[in-house]
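Single-structure report; data block below.
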Amino acid sequence: MLILGIDTSCDDTSCAVVKDGRQVLSNIVSSQTNLHEKFGGVVPEIASRRHLEMLIPVCGEALEQAGVTLKDIDGIAVTNGPGLLGSLLVGVGFAKALAYATKVPLIDVHHIAGHIYANFLGETLPEFPVLNLVVSGGHSELILMESHGRFTLLAETRDDAAGEVFDKVAREMGLGFPGGPYLDRLAESGDPDKIAFPLPKIRGSKYDYSFSGIKTRALLEFESADKTEESKRDLAAGFRKGVVDQLLNPVEELIRQTGARTLALSGGVAANALLRRESQALADRLNIPLFVPSRELCTDNGAMIASAGYYKYREAGSSRLESEGLLMECSAGLELRSWGVDM
Ligand code: KG4
Ligand code: ZN
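So the sequence shown is numbered by numbering that gives the first Met the number 0: it starts at 0 and just counts up by one.
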């Protein structure tokens with residue numbers, strides 16, 4: 000079964016063709032970084048206008064690179080939230096028109112479910128239950144997945160997301176945009192123990208995250224620092240370690256408690272070098288496999304949406320999707336629900 004996956008949730012226009020939920024035939028991502036760079040953040044109105052311009056060429060390229068035409072596509076999967084509303088509307092409108100014209104089912108995919116399914120693209124599939132650490136520009140969550148489409152939220156951030164604080168601290172330090180990858184690279188040559196960022200105490204929950212304190216602390220440290228290359232490297236290294244320590248802190252206990260057999264990272268921040276190394280060390284110690292997508296599949300892409308769409312179609316009532324797909328709505332703050340519940 001060939002699924003065309005479309006993601007326009009933020010500032011990347013992406014279309015991909017995926018076979019049977021796991022074989023990526025094409026995955027085209029048109030980045031808008033150069034348009035938003037000078038503003039230091041994504042400008043929603045510019046993002047949605049650019050999606051409008053890019054969707055047709057990006058989709059055409061995805062089909063061409065996969066060596067197929069629209070006639071070969073069996074279903075269309077599209078992100079309908081969460082994300083920037085204007086951007087989501089462009090992708091969903093485009094997908095609806097395409098599904099209507101080609102008479103194939105249209106499958107709505109939650110963006111976080113998409114990120115999780117990036118780990119299902121490949122030869123070896125994760126074994127359930129999977130404990131997913133989803134870390135992106137807008138999310139920092141631990142989600143247990145007991146089978147396809149059955150999601151249980153175990154922990155989330157009370158304030159900023161991990162990617163968001165990476166970007167904000169990097170921006171203040173005058174690094175590139177988006178800042179996460181630049182700060183990550185800088186941190187590689189710094190000393191993480193020069194400035195320590197201890198774990199925050201969060202009232203009411205053992206597992207939830209909070210990154211606003213560590214962000215403020217890093218910004219204050221930078222303000223008062225001498226701003227030499229060396230001190231920037233050390234600050235980046237200490238800050239990155241503080242974020243990663245916090246992200247992994249509840250993982251061991253939750254794996255034991257839930258009986259998870261796989262640890263999986265996903266979302267843009269899963270590209271972080273220290274997070275990948277530390278997660279591997281933790282998984283080795285617990286003697287369970289770690290799944291992490293390739294760096295291209297960590298950040299937003301259409302292939303992960305196509306994979307999630309394939310499994311949703313297969314597992315969660317294809318007839319219902321076939322009759323109701325075109326009525327799909329999008330929402331900036333869409334909640335992640337288990338399949339079968341939100342349909
Ligand atoms: O998943 P994604 O592409 O978009 C959202 O759904 O938000 O994630 C983008 C986020 C940005 O905040 C970006 O700075 C961060 O992922 N990111 C990183 C790294 N690569 C991307 N953060 C830390 N280290 C990295 N290597
Ligand atoms: Zn994302």
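By construction, the Cβ of each residue, glycine as well, lies at the ideal position given by its N, Cα and C atoms.
In this text the structure is predicted, and so the values were computed from the model without any measurement.
| query | result |
| --- | --- |
| Classify Y309 as buried or exposed, calling it buried when 16 or more other Cβ atoms lie within 10 Å of its own Cβ. | buried |
| Report the CB separation of V28 from N300 in whole angstroms; it is logged as a contact under 8 Å. | 6 Å |
| Can you list, in chain order, the residues of its chain whose CB lies under 7 Å from that of K214, leaving out five sequence neighbours each side? | D159, V164, K167, V168 |
| What does the alpha-carbon distance come out to for the pair L296 and R216? | 31 Å |
| Return the residue from the list T78, L54, N33 that minimises the CA-CA distance to A331. | T78 |
| Do S135 and G39 come within 8 Å of each other at the CB atom, strictly closer than that value? | no |
| With a Cβ-Cβ cutoff of 8 Å, do L262 and I254 count as a contact? | yes |
| Quick one: is M0 buried, meaning 16 or more other Cβ sit within 10 Å of its Cβ, or exposed? | exposed |
| When the Cα of G148 is compared with those of E187, P191, F176, V108, which residue comes out closest? | V108 |
| Pull up the distance between the alpha-carbon of S200 and that of P249, whole angstroms please. | The residue asked about is misnamed: residue 200 is Lys in this sequence, not Ser. If you take the alpha carbons of K200 and P249, they lie about 13 Å apart. |
| Return helix, strand or coil for G90, following the three-state DSSP convention. | helix |
| Excluding the 5 residues preceding and the 5 following G231 in the sequence, name in chain order all residues of the same chain whose CB lies nearer than 7 Å to its CB. | Correcting the residue identity first, residue 231 is Lys in this sequence and not Gly. Contacts found: M172, L185. |
| I believe T101 touches H50 by the beta-carbon criterion, under 8 Å. Please report the beta-carbon distance rounded to the nearest angstrom. | Not confirmed; about 20 Å, so no contact. |
| Work out the CA separation of L281 and I115 for me, nearest whole Å. | 19 Å |
| Would you say T257 and F210 are within 8 Å of each other, going by their C-beta atoms? | no |
| Assign M53 to one of three DSSP states: helix, strand, or coil. | helix |
| Pull every residue with its beta-carbon under 5 Å away from any heavy atom of the ligand ZN, and keep them in chain order. | S135, D299 |
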